[in-house]
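Residue numbers (the numbering used here): 15 to 290. Quick reminder that beta carbons are idealized off the backbone N, C-alpha and C, glycines included. Okay, structure first, notes after.
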Amino acid sequence: MRAELVSVLRCPVCGDGLALSGRTASCPRKHAFDLAKQGYLNLLPSASSGIDGDSAEMVEARERFLAEGFYAPIRQALIAAAGEGDGLVVEVGAGTGYYLAGVVAAGAERSGMALDVSRYAAKRAARVDSERIGSVVCDAWRELPVRDGAAQVVLNVFAPRNATEMARVLAPGGRLLVVTPNQGHLKELIEVLGMVRVDDEKERRLSDSLGGVFARTSGEVVEAAMRLDHEAVEQLVAMTPSARHTEKAALAERIAVLADPVEVTLSVTLSTWKTV
């Protein structure tokens with residue numbers, strides 16, 4: 015990770031800014047954090063140790079699925095919503111950095127910071143664009159290791175929402191872009207494969223989680239029909255929380271009854287928010 019990217023971070027112990035010297039990021043109080051050989055920084059507080067992030071298998075499945083472009087409509091919508099401005103883009107729950115890389119590439123002077131609790135995800139995000147994107151392991155439910163007002167845009171795609179912290183790292187006039195699944199999302203697979211359903215109260219819970227800190231300024235539904243072969247369906251399930259609740263053998267039996275390829279609905283809402 016380049017020194018310019020580390021300079022937007024802050025120490026998870028004391029909150030002071032970090033600076034890079036060699037392969038060590040440290041703050042004025044001498045708290046030090048070594049870059050992993052894969053290029054990411056682990057800034058996970060000790061109190062958060064032991065929490066579960068995405069496994070290596072989940073991250074690999076996500077990388078393979080997204081590389082096929084099935085979720086490209088989501089990325090294109092995020093690029094459009096982020097606009098043409100420059101500055102730092104922070105993604106909370108960035109996974110492999112697929113969405114972040116698209117938004118950063120759309121701005122000539124943009125940089126990005128991928129935040130995720132999974133070190134396997136951080137490894138992938140660290141190499142997606144090492145010149146312009148940094149990668150950090152952290153806990154989204156605690157203080158984010160990003161300086162106050164450092165980000166022009168914050169992305170949150172199918173990820174935890176810590177409203178107070180996302181507002182803190184946004185610069186005045188910055189925007190938060192949130193992607194949430196709709197009831198029709200993956201509807202052709204939910205019943206057959208026993209996947210986790212979209213909560214009926216998803217929209218209310220989104221407003222509750224951000225209200226009082228953010229105000230919604232716009233929203234758009236992004237929908238597309240995806241033609242997925244059985245391998246892509248397997249990857250899709252494997253990259254989601256449903257992977258933790260489904261045995262591989264049982265999943266394979268259920269996938270076998272689907273058409274090959276099967277048409278599956280992508281349906282999400284992209285909402286834009288500003289701080290209040």
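Asked	Found
Count the other CB atoms within 10 Å of the CB of residue 155; is the residue buried (16 or more) or exposed (fewer)?	exposed
Tell me the residue span of the alpha helix (DSSP H) that contains residue 50.	Where residue 50 is concerned, there is no enclosing alpha helix (DSSP H), given that its DSSP letter is neither H nor E.
Does the distance from the C-beta atom of residue 279 to that of residue 238 stay below 9 Å?	yes
Check whether the region 177–193 and the region 153–168 are in contact - that is, three or more C-beta pairs closer than 8 Å.	yes
Leaving out the 5 sequence neighbours to the left and right, which residues in its chain are closer than 6 Å to residue 232 when beta-carbon positions are compared?	286
At the level of alpha carbons, what is the spacing between residue 159 and residue 26?	6 Å
Cβ of residue 130 versus every heavy atom of the ligand ZN: is any distance shorter than 8 Å?	The ligand content of the structure shown is nil, which means the ligand ZN is not present either.
If you check the beta carbons only, do residue 111 and residue 138 fall under 9 Å apart?	yes
So is residue 166 buried or exposed if we call it buried at 16+ other beta carbons inside 10 Å?	buried
What residues in its chain sit with their C-beta under 6 Å from that of residue 96, if we drop five residues either side in the sequence?	117 and 167
Output the boundary residues of the alpha helix (DSSP H) element that contains residue 70.	70–81
Counting pairs of beta carbons, one from the region 189–201 and one from the region 216–236, are three or more of them closer than 8 Å?	yes
Measuring alpha carbon to alpha carbon, tell me which residue in 122, 107, 124 and 120 is nearest residue 135.	107
Per the contact definition of three or more C-beta pairs closer than 8 Å, is the region 36–45 in contact with the region 73–86?	no
Helix, strand or coil: which one does DSSP assign to residue 216?	helix
Which residue's Cα is closest to the Cα of residue 17: 93, 123, 224 and 148?	148
Output the distance between the C-alpha atoms of residue 86 and residue 170, rounded to the nearest integer angstrom.	16 Å
Just to confirm before moving on: does the CB-CB distance between residue 22 and residue 102 stay below 9 Å?	yes
Which residues bound the alpha helix (DSSP H) around residue 99?	Element bounds for residue 99: n/a, residue is neither H nor E.
What number of angstroms, rounded off, separates the C-alpha of residue 67 from the C-alpha of residue 98?	32 Å
What number of angstroms, rounded off, separates the C-alpha of residue 277 from the C-alpha of residue 123?	39 Å
For residue 114 and residue 202, I'd like the C-alpha separation in whole angstroms.	28 Å
Going by CA-CA distance only, name the one from 274, 283 and 246 that's closest to residue 75.	246
Return the chain-ordered ranges of every alpha helix (DSSP H) run that is complete within the region 184–264 and spans a minimum of 4 residues.	201–207, 216–224 and 244–252
Is the beta carbon of residue 150 closer than 9 Å to that of residue 184?	no
Excluding sequence positions up to five away, which residues of its chain have a Cβ less than 6 Å from the Cβ of residue 256?	209 and 210
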